[in-house]
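Novice: Below are the structure tokens for one structure; questions will follow.
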Amino acid sequence: MLRKLTVFLMIIIGYLLQTTLFKAISLAGIVPNILLIITSSFGFMRGRNEGMIIGFTAGLLIDIFFGSILGFYAFVYMFIGFLNGFFRRIFYPEDIKLPMILIGTSELLYCFICYTFLFLLRGKMHLGYYFVHIMLPDIVYTVLVTLIVYKGILFVNEWLEEYEKRRA
Amino acid sequence: MGKRGYGRNIISVPGKYVFLILTILCVAMMLLSFTTDFVTGPFETVAGYIIVPFQKGIGSAGAWLNTRSENIRRINELNEENKELKSRIDELTIRVNDLQRDKYELAELRSLFLLDEQYSDYEKIGARVIGKDTGNWFSSFTIDKGSKDGIKTDMNVMAGSGLVGIVTNVGPNWAQVRSIIDDTSSLSGMVMSTSDNLIVSGDLTLMDDGYIRFSQLMDEKDIVTQGDQVVTSAISNKYLPGISIGYITEIQLDPNNLTKSGYITPVVDFKNLSTVLVVTQLKEDLR
Chain X
74 MLRKLTVFLM
84 IIIGYLLQTT
94 LFKAISLAGI
104 VPNILLIITS
114 SFGFMRGRNE
124 GMIIGFTAGL
134 LIDIFFGSIL
144 GFYAFVYMFI
154 GFLNGFFRRI
164 FYPEDIKLPM
174 ILIGTSELLY
184 CFICYTFLFL
194 LRGKMHLGYY
204 FVHIMLPDIV
214 YTVLVTLIVY
224 KGILFVNEWL
234 EEYEKRRA
Chain R
396 MGKRGYGRNI
406 ISVPGKYVFL
416 ILTILCVAMM
426 LLSFTTDFVT
436 GPFETVAGYI
446 IVPFQKGIGS
456 AGAWLNTRSE
466 NIRRINELNE
476 ENKELKSRID
486 ELTIRVNDLQ
496 RDKYELAELR
506 SLFLLDEQYS
516 DYEKIGARVI
526 GKDTGNWFSS
536 FTIDKGSKDG
546 IKTDMNVMAG
556 SGLVGIVTNV
566 GPNWAQVRSI
576 IDDTSSLSGM
586 VMSTSDNLIV
596 SGDLTLMDDG
606 YIRFSQLMDE
616 KDIVTQGDQV
626 VTSAISNKYL
636 PGISIGYITE
646 IQLDPNNLTK
656 SGYITPVVDF
666 KNLSTVLVVT
676 QLKEDLR
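Chains as they are written, first to last, in this note's numbering: chain X, 74 to 241; chain R, 396 to 682.
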């Protein structure tokens, strides 16, 4: 129960930061994707099921406030949480390289899905432009923010695991 | 590997089934929200009451800090400006008087012609921007007024005298606004000087430069030039007529030698949008 509440709170805080503070301090109009960092980290820290459910919640939140159809972002984030869950076996908390690679790759995948379904299908072909001006800064910025945020997420997760171990 | 200690009911289901169930749920929601709007209702209400109060708090805290630092920095600047503006007021008062006289005359002539004053002031509600789109692909934002304050879908949104966008989604205490620089936005505009119609569409590739694209302008006599004002046209079915969109900054002939296209610089500063005005008059009620 404590875990569910804490994670839900983290998603809300991530969402709030992303829509308010990070928009205000964005570099060249690009905002790092905190919700993706949370989804992806819980995916490889805790496995597929939790990654999926957290991704679904985060995506649904975006869908409600900013999506044109309900369910699109929910699916994309859930899918990313699911994929990251496969890497749980090779995850070690001390290692920062794997999280950075995984989150970077997830962001790339996320960008490509967004581009394909929301732009390519409307006939916007300039993949090169979008790649250089939107995707690349987005990925770099997100990975940089990961360095800071990931430590916090890891800390919260370890605290929760400790708590659960004591109760069990 | 040890089993996790919580949520036994989730653990017992293998990942692929959860994936399948959630996928079906997502697809069902997408289909339902395409065809009806009955699924979004409860979500909008619940999410609205969880998220919006926080966003309002952050928004007002940010605004407070911002005004504090601005105040200190700009006192001198403002004093100078104040002097300047005072002299401008005198100047403008004289002009206003002139215009007032013209206005009476216009009203008189209009009543003679039995024309309605349809371009006059629309009634507006002020609202604060409380959150901007989470991603980098679109530019929509949420405001702190919703259906409880009388906001409805398709209401036009302005800032100052210019068009910002349109309300696309309404919750009880919040509303989603899609701005005209958004890549999916497209509306019918009109060149003020010649009354020629054109299509104004947002474009992500131009967003950094602060432009929006226009196309389909028929201008055989080459009258439209740079600096001409573009307003919303009367034939649009969602946008009210006569709201200022921006000024033409670049214009060129299309390869088909018939129509012209180019860039418009919007009147509104979309980067620093904090308060907006929602026009409560709907276009569909106007007709």
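Note that CB positions come from ideal geometry on N, CA and C, so glycine has one too.
Between the Cα of R:GLY622 and the Cα atoms of R:TYR642, R:LEU582, R:ASP680 and R:VAL422, which residue gives the shortest distance?
Specialist: Closest by alpha carbon: R:TYR642.
Novice: Quick one: using the 10 Å Cβ neighbour count with 16 as the cut-off for buried, is R:VAL491 buried or exposed?
Specialist: By the 10 Å Cβ count, R:VAL491 comes out exposed.
Novice: For a cutoff of 8 Å on Cβ pairs, would you count X:ILE163 as touching chain R?
Specialist: Answer no: the Cβ-Cβ gap between X:ILE163 and chain R never drops below 8 Å.
Novice: Quick check on DSSP: helix, strand or coil for R:ALA554?
Specialist: In the structure shown, R:ALA554 sits in a strand (DSSP, three-state: E or B).
Novice: Would you kindly check if the distance between the Cβ of X:SER113 and the Cβ of X:ILE176 is under 8 Å?
Specialist: In this structure, X:SER113 lies closer than 8 Å to X:ILE176 by Cβ.
Novice: Using 8 Å as the limit for Cβ to Cβ distance, is R:VAL572 near chain X?
Specialist: Answer no: the Cβ-Cβ gap between R:VAL572 and chain X never drops below 8 Å.
Novice: Threshold first: 4 residues or longer. Then list the alpha helix (DSSP H) segments lying entirely within the region 92 to 173 of chain X, N to C.
Specialist: The qualifying runs are 94 to 97, 107 to 119, 121 to 139 and 145 to 158.
Novice: Could you check what DSSP says for R:ASP511 in three-state terms: helix, strand or coil?
Specialist: Since pLDDT at R:ASP511 reaches only 49, below the 50 mark, its modelled position is unreliable, and the value read off the structure follows with that caveat. Correct three-state label for R:ASP511: coil.
Novice: For the alpha helix (DSSP H) containing X:ASN230, name the first residue and the last one.
Specialist: First-last of the alpha helix (DSSP H) with X:ASN230: 209 to 240.
Novice: State the DSSP-derived secondary structure class of R:VAL559, mapped to helix, strand or coil.
Specialist: Looking at R:VAL559 - three-state DSSP - the assignment turns out to be strand.
Novice: Is there at least one Cβ from chain X nearer than 8 Å to R:TRP341's Cβ?
Specialist: Because chain R spans 396 through 682 in this model, residue 341 of chain R falls outside it and cannot be assessed.
Novice: Between R:ASP539 and R:VAL447, is the Cβ-Cβ spacing less than 8 Å?
Specialist: Yes.
Novice: Residues of chain X with CB under 8 Å from R:MET602, in chain order?
Specialist: Correct list: GLY102.
Novice: Leaving out five residues before and five after R:THR620 in sequence, what residues of the same chain have Cβ atoms less than 8 Å from its Cβ?
Specialist: Within the same chain, R:THR620 has close Cβ partners ILE643 and ILE646.
Novice: Check the Cβ-Cβ distances between X:PHE160 and every residue of chain B, and say whether any is below 8 Å.
Specialist: Among the protein chains in the structure shown, which are X and R, there is no chain B.
Novice: Touch check for the region 160 to 180 of chain X and the region 126 to 134 of chain X: three-plus C-beta pairs under 8 Å?
Specialist: Too few Cβ pairs lie closer than 8 Å, so no.
Novice: What residues from chain X crowd round R:GLU439, counting only those whose CB sits closer than 8 Å?
Specialist: Here the neighbours are ILE137.
Novice: What residue does the beta strand (DSSP E) around R:VAL408 start on, and which one ends it?
Specialist: R:VAL408 -> no beta strand (DSSP E), and no H or E assigned at all.
Novice: Between R:ASP549, R:SER556, R:SER639 and R:GLY530, which has its C-alpha nearest X:PHE245's C-alpha?
Specialist: This structure leaves residue 245 of chain X out entirely; chain X is present only between 74 and 241.
Novice: For R:VAL408, count the other beta carbons within 10 Å of its own beta carbon; 16 or more makes it buried, fewer makes it exposed. Which is it?
Specialist: Exposed, since its Cβ has fewer than 16 Cβ neighbours within 10 Å.
Novice: Shorter than 8 Å from the beta carbon of R:THR535 to some beta carbon of chain X?
Specialist: Here residue 535 of chain R turns out to be Ser, not Thr, going by the sequence shown. Taking Cβ atoms only, chain X reaches closer than 8 Å to R:SER535, which makes this a yes.
Novice: Give the straight-line distance between the Cα atoms of R:GLY555 and R:VAL663, rounded to the nearest whole angstrom.
Specialist: Going by the C-alpha atoms only, they are around 8 Å apart.
Novice: Could you tell me which residues DSSP puts in a beta bridge with R:TYR642?
Specialist: Paired residues: R:GLN624 and R:THR660.
Novice: Assuming X:LEU182 and X:ILE153 form a contact by the criterion Cβ under 8 Å, report the distance between their Cβ atoms to the nearest whole angstrom.
Specialist: The Cβ separation is near 7 Å, so the contact holds.
Novice: Would you kindly check if the distance between the Cβ of R:ASP578 and the Cβ of R:PHE533 is under 8 Å?
Specialist: Closer than 8 Å, so yes.
Novice: In the structure shown, what three-state DSSP assignment does R:LEU648 receive?
Specialist: If DSSP states are grouped into helix, strand and coil, R:LEU648 belongs with the strands.
Novice: Would you decide whether R:GLN495 is buried or exposed? Buried here means 16 or more other CB atoms lie within 10 Å of its CB.
Specialist: Exposed, since its Cβ has fewer than 16 Cβ neighbours within 10 Å.
Novice: With a CB to CB cut of under 6 Å and the five nearest residues on each side skipped, what residues in its chain are close to X:ARG76?
Specialist: Result list for X:ARG76: LEU233, in chain order.
Novice: Where do the N-terminal and C-terminal ends of the beta strand (DSSP E) with X:ILE200 fall, by residue?
Specialist: This sequence places Leu at residue 200 of chain X; Ile is not what is there. Note, X:LEU200: premise wrong, no beta strand (DSSP E); alpha helix (DSSP H) at 200 to 203.
Novice: Using beta-carbon positions only, say whether R:VAL572 and R:PHE536 come within less than 8 Å of one another.
Specialist: Contact: yes.
Novice: Along chain X, which residues have their Cβ under 9 Å away from the Cβ of R:ALA442?
Specialist: What R:ALA442 touches in chain X: LEU133, LEU134, ILE137 and PHE138.
Novice: Looking at the unbroken beta strand (DSSP E) that takes in R:LYS527, where does it start and where does it end?
Specialist: Here the beta strand (DSSP E) through R:LYS527 covers 519 to 527.
Novice: Using beta carbons (cut-off 8 Å, strictly below), is R:GLU512 in contact with chain X?
Specialist: The predicted position of R:GLU512 is uncertain, since its pLDDT is 48 and thus under 50; a value taken from the coordinates is nonetheless stated next. Not one chain X Cβ lies under 8 Å of R:GLU512.
Novice: Establish whether the CB of R:GLY555 and some CB of chain X are separated by less than 8 Å.
Specialist: With 8 Å as the cut-off, R:GLY555 does not count as an interface residue toward chain X.
Novice: Helix, strand or coil for R:GLN495, going by three-state DSSP, please let me know.
Specialist: Looking at R:GLN495 - three-state DSSP - the assignment turns out to be helix.
Novice: Between which two residues does the beta strand (DSSP E) containing R:LEU672 stretch?
Specialist: Counting along the chain, the beta strand (DSSP E) containing R:LEU672 begins and ends at 670 to 674.
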